[in-house]
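Notes to accompany the following structure.
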Amino acid sequence: MMNLDHRSLLSGQRTGPAAASMRASLWAASLLYGAAARVRRAQYDAGRKEVCRADVPVISVGNLTTGGTGKTPVVCDLCRRLRDLGRQVAIVSRGYGAGETGVNDEALELAERLPDVPHVQHPDRVEAAQIAVDELEADIIVMDDGFQHRRLYRDLDLVVVDATCPFGFGHLLPRGYLREPVSSLRRADAVILTRSDQIEESRRDAICQEIRSHLGNRPLLETTHAATRVVFEHRPSEPIASLSGRRIALVSAIGNPDAFEQTARECGADVIGHFRLPDHDPYEREARERLNQWLVELKASNTPELVLCTHKDAVKIAVDELAGVPLGYLQIDLAYRSGDEELQGLLMSLLTT
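Here our numbering is used: the first residue of the sequence shown is 376, the next is one more, and so on.
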């Protein structure tokens with residue numbers, strides 16, 4: 376299994392003197408990061424940094440940790456709810472990892488899933504919001520990945536926490552995946568716990584208790600990420616049941632590849648390998664060559680029947696097959712285990728204020 380990320384190092388799974396030394400160095404760096412971030416938060420808390428209001432309501436959907444929380448399905452669900460309520464919604468985001476096209480993988484995925492919802496990517500999200508209102512006639516904005524971007528005022532602050540890795544291994548960047556301390560959840564209007572069905576009930580209860588200690592009585596919603604079908608570039612999709620017992624090779628460039636692999640296994644797939652690239656990797660020539668070589672070597676010992684990736688990967692790879700093996704992606708749909716009506720109530724309250 377190819378593993379180019381450093382999750383095993385940060386989680387402590389990688390042992391030995393060298394790993395311990397690397398974690399110590401990363402911990403020292405996290406102290407510097409934490410100090411700088413703490414100063415910035417204090418400036419906003421004290422009103423010493425400018426906060427700009429858009430001319431329409433803004434809903435922020437963000438994370439405590441870097442990538443891989445399952446935020447994109449939440450954004451999709453939220454936009455659909457707003458469209459169903461008759462609102463002209465637009466998405467704004469920074470566009471991290473955008474290539475020469477000016478859009479990143481998340482924007483490409485959202486464009487396929489929400490073709491009727493415009494998406495403005497701009498390093499200045501205040502400017503992006505202005506464009507959405509003035510040029511696209513949006514009457515409500517969903518700010519993707521906005522929890523730390525406090526310069527744009529938000530009327531509703533939603534934070535997504537991934538149940539499979541909720542608190543970034545307990546450390547700030549770069550020692551862990553936390554962008555800011557868990558205590559920052561006190562700023563949230565609601566927390567959405569994703570993939571809540573992929574962990575044991577006792578673990579879920581402990582996570583909810585920790586979140587509640589900072590969130591108080593504000594809504595804590597739980598969702599599942601259900602794989603609903605296998606989608607191909609130029610041929611009909613297949614039901615999830617078609618994966619049962621099949622030899623599957625995985626490829627991903629996402630923030631939480633372990634959760635993707637767990638989902639594939641839960642669909643009944645016999646996962647025989649997983650080629651992992653860093654989150655937001657653009658799949659340029661060198662990466663594609665390594666991927667194809669990996670598949671050729673894998674085929675020599677155990678030929679996969681299918682290569683499976685995520686939607687975010689598929690929009691960048693954009694081919695029917697790799698090394699002669701068909702390529703498809705898992706379509707993931709969001710379902711609320713609890714809190715569906717609470718979320719709808721938050722939206723209705725915002726829109727009628």
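Positions of the beta carbon are idealized from the N, C-alpha and C atoms, including for glycine.
With the cut-off set at 8 Å, would you say residue i and residue j are in Cβ contact?
| i | j | result |
| --- | --- | --- |
| leucine 401 | proline 549 | yes |
| leucine 485 | histidine 497 | no |
| isoleucine 586 | leucine 596 | no |
| valine 605 | isoleucine 567 | no |
| glutamine 706 | histidine 686 | yes |
| arginine 529 | methionine 518 | yes |
| valine 646 | isoleucine 629 | no |
| alanine 504 | valine 467 | yes |
| glycine 643 | serine 619 | yes |
| alanine 602 | isoleucine 615 | yes |
| aspartate 560 | glycine 409 | In the sequence as presented, aspartate is not what sits at residue 560; that position holds leucine. No. |
| tyrosine 704 | cysteine 684 | yes |
| glutamate 555 | arginine 416 | yes |
| alanine 565 | arginine 610 | no |
Assuming residue i is part of the beta strand (DSSP E), what are its boundary residues?
| i | result |
| --- | --- |
| serine 713 | 700–713 |
| isoleucine 647 | 645–651 |
| serine 612 | Serine 612 -> no beta strand (DSSP E), and no H or E assigned at all. |
| isoleucine 506 | From DSSP, isoleucine 506 is part of no beta strand (DSSP E) but of the alpha helix (DSSP H) over 500–509. |
| isoleucine 466 | 464–468 |
| threonine 685 | 681–685 |
| histidine 497 | From DSSP, histidine 497 is part of no beta strand (DSSP E); its letter is neither H nor E. |
Helix, strand or coil, according to DSSP, for residue i in the structure here?
| i | result |
| --- | --- |
| leucine 568 | strand |
| asparagine 667 | helix |
| leucine 439 | coil |
| glutamate 585 | helix |
| serine 627 | strand |
| valine 431 | coil |
| tyrosine 573 | Reading the sequence as shown, one finds glutamine at residue 573 and not tyrosine. Three-state result, glutamine 573: coil. |
| serine 386 | helix |
| phenylalanine 635 | helix |
| arginine 622 | strand |
| leucine 718 | helix |
Identify the continuous alpha helix (DSSP H) that holds residue i and give its terminal residues.
| i | result |
| --- | --- |
| serine 396 | 392–420 |
| glutamate 597 | From DSSP, glutamate 597 is part of no alpha helix (DSSP H) but of the beta strand (DSSP E) over 595–607. |
| valine 449 | 446–459 |
| glutamate 487 | 480–488 |
Any heavy atom of the ligand NAD within a distance shorter than 7 Å of the CB on residue i?
| i | result |
| --- | --- |
| leucine 670 | In terms of ligand content, the structure shown is empty, and the ligand NAD therefore cannot be addressed. |
With a threshold of 8 Å, are at least 3 pairs of Cβ atoms found where one atom belongs to the region 426–445 and the other to the region 537–544?
Enough Cβ pairs lie closer than 8 Å, so yes.
What ranges does the beta strand (DSSP E) occupy inside the region 511–547, keeping only unbroken runs of at least 3 residues that lie completely in it?
Within the region 511–547, the complete beta strand (DSSP E) runs of at least 3 residues are 515–519 and 531–537.
Is the region 563–582 close to the region 419–430, with three or more CB pairs under 8 Å?
Touching, no, given that fewer than three Cβ pairs across the two stretches are closer than 8 Å.
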